[in-house]
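Numbering (our numbering), first residue to last: 22 to 290.
Ideal Cβ placement from N, Cα and C applies to all residues, glycine included.
Heads up: the structure comes next, in structure tokens.
Here is the structure:
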């Protein structure tokens with residue numbers, strides 16, 4: 022889809038698009054049904070086309086929103102490099118909004134999550150990585166300290182691999198997947214009695230409360246799972262020992278050393 026067609030699709034869908042003449046476009050979203058405030062965003066050429074594809078119904082998960090735009094108008098991902106090609110890695114606003122809801126909904130379970138403006142939420146539209154023979158649906162990474170001058174304030178990346186989610190995942194399953202990613206952040210006590218932020222790597226397939234409440238096959242296509250954002254939803258207590266031991270390897274998030282010695286990343290299957 023070219024820029025001209027993208028603008029036509031967006032305007033037909035009730036969006037307002039302003040061309041700044043330098044490869045950047047201001048977009049105002051249609052007013053939501055509840056009469057709330059209209060969303061606005063600044064887009065490069067590629068991210069504008071991605072937004073138009075979402076608005077036309079081609080993107081099942083919703084329209085993408087790239088939060089950073091380089092000087093030439095190209096969309097940039099979490100590490101500051103420009104995205105290119107039909108399938109791109111973009112910062113995806115719906116994932117950030119989902120994380121905001123989850124942190125508010127589960128303040129105890131997700132109390133270790135750092136400020137969300139320090140996390141880049143990235144959607145990869147084409148890669149299909151695997152770990153131990155299983156598709157990797159998401160990765161949690163810390164950006165090496167040497168690059169913080171380029172990515173400030175972003176220090177972490179949560180990357181979701183769209184192709185590995187498949188075409189038959191429900192929105193409720195996607196909410197659980199984002200919860201699982203955020204659970205990798207934890208607070209560990211140091212010898213001095215202070216707390217440090219750490220990223221935890223699972224040695225098993227599932228977090229205890231997820232397995233106890235939803236079962237180990239909650240991620241099967243079109244599986245019926247509850248809406249964990251529902252105020253009435255409650256996690257069942259994770260078994261202290263038993264079916265799913267929760268052995269983990271912990272790495273200090275203040276260091277730039279890799280979490281997983283084989284991949285350099287925390288993978289979520």
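In the three-state reduction of the DSSP assignment, residue 168 falls in the helix class, which pools H, G and I. At a Cβ-Cβ threshold of 8 Å, residue 148 and residue 181 do not count as neighbours.
With a contact defined as Cβ atoms closer than 8 Å, residue 31 and residue 24 miss out at about 11 Å.
The beta-carbon separation of residue 110 and residue 157, rounded to 14 Å, does not stay under the 8 Å limit for a contact.
Our two residues, residue 244 and residue 232, have alpha carbons roughly 14 Å apart in a direct line.
Scanning 51, 34, 52, 64 for the CA closest to the CA of residue 42 turns up 64. Here residue 227 is not bridged, per DSSP, to any residue.
Taking a cut-off of 8 Å for Cβ pairs, the segment 207 to 216 and the segment 164 to 171 do not touch, as fewer than three such pairs fall below it.
Residue 177 is classed as buried because its beta carbon has at least 16 other beta carbons within 10 Å across all chains shown. Counting the other Cβ atoms within 10 Å of the Cβ of residue 47 gives fewer than 16, which makes it exposed.
Note on residue 125: under 16 other CB atoms within 10 angstroms of its CB, so exposed under the neighbour-count rule. With contacts defined as CB atoms closer than 8 Å, residue 256 and residue 230 qualify as a contacting pair. Along the length of the segment 129 to 164, whole beta strand (DSSP E) runs at least 3 residues long occupy 140 to 145, 159 to 163, reported in chain order. Between residue 197 and residue 164, the CB-CB gap reaches or exceeds 8 Å. When DSSP states are grouped into helix, strand and coil, residue 59 belongs to the coil group. In this structure residue 131 is not in contact with residue 117, their Cβ atoms being roughly 14 Å apart against a cut-off of 8 Å.
At a Cβ-Cβ threshold of 8 Å, residue 141 and residue 203 do not count as neighbours.
The Cβ-Cβ distance between residue 66 and residue 44 falls below 8 Å. Contact check for residue 161 against residue 220 passes: the beta carbons are separated by less than 8 Å.
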